[in-house]
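These notes are about the structure you will find just below.
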């Protein structure tokens, strides 16, 4: 059983789960955490249980987890009293971090102390990391003013994306860019990464990177399933 951990507002995750018929893919949202059935014993998977599709299962039945939730946001805890939501959201985030770290199945991506989705750097950190692995980057300008709103960074109107999944990449780009994207993912210590360039040729410049693959792409979702089946 493959679990997609996502917000209840994540339409792409819900689209994949509802439309994929070739495998056992199930959506898990923060709302499920407030229901009876969860048991988490550190280092004892055989005694731990989870509530999936309103059914209590052993966590050993979980074959993989795709995480699309950086943390639990209080705005989606509608079943919790308003004044308690910030505390409950923080506790749920801490629980998920421990729960994910204790699973023995493959996870895309493994959680870090500050993000359930893995290495989730700021734009400036991604640019620095890209330069460290030999990618061409453009100068990043940061405007700070105490009197006016900061200027937003200009995003190129045309760009191409490469999705790294394990040791492969998906994207219509020069192979050099695909190799660079894989190096950036390795540098960040993650297995799933989307890298954006200003064009598909070998001399393209790195624009940005994120942890949000397009789950409406059958090529990408198939590659994700293949990753889990091969691990």
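Numbering (the numbering used here), first residue to last: 3 to 233.
In this text, a Cβ means the ideal position worked out from N, Cα and C, and glycines have one as well.
- Task: With DSSP as the reference, label residue 256 as helix, strand or coil.
- Result: With the chain covering only 3 through 233, there is no way to say anything about residue 256.
- Going straight from the alpha carbon of residue 17 to that of residue 173, what length do you get? 21 Å
- Item | Per-residue DSSP class, three states only, for residue 43 | coil
- Message: Does residue 214 pass the burial test, meaning 16 or more other C-beta atoms within 10 Å, or should it be called exposed?
- Response: exposed
- Query: In the structure shown, what three-state DSSP assignment does residue 110 receive?
  - Reply: strand
- Task: Just mark residue 111 as buried or exposed, buried being the case when its beta carbon has 16 or more other beta carbons within 10 Å.
- Result: buried
- Message: For residue 222 and residue 48, I'd like the C-alpha separation in whole angstroms.
- Response: 32 Å
- Task: Locate the beta strand (DSSP E) running through residue 52, then write down its first and last residues.
- Result: 51-54
- Leaving out five residues on either side along the sequence, give the residues of the same chain with a beta carbon under 7 Å from the beta carbon of residue 218. 14 and 17
- Express the C-alpha separation of residue 128 and residue 144 in angstroms, rounding to a whole number. 15 Å
- Query: Can you round the beta-carbon distance between residue 4 and residue 27 to whole angstroms, since I take them to be within the 8 Å contact cut?
  - Reply: 5 Å
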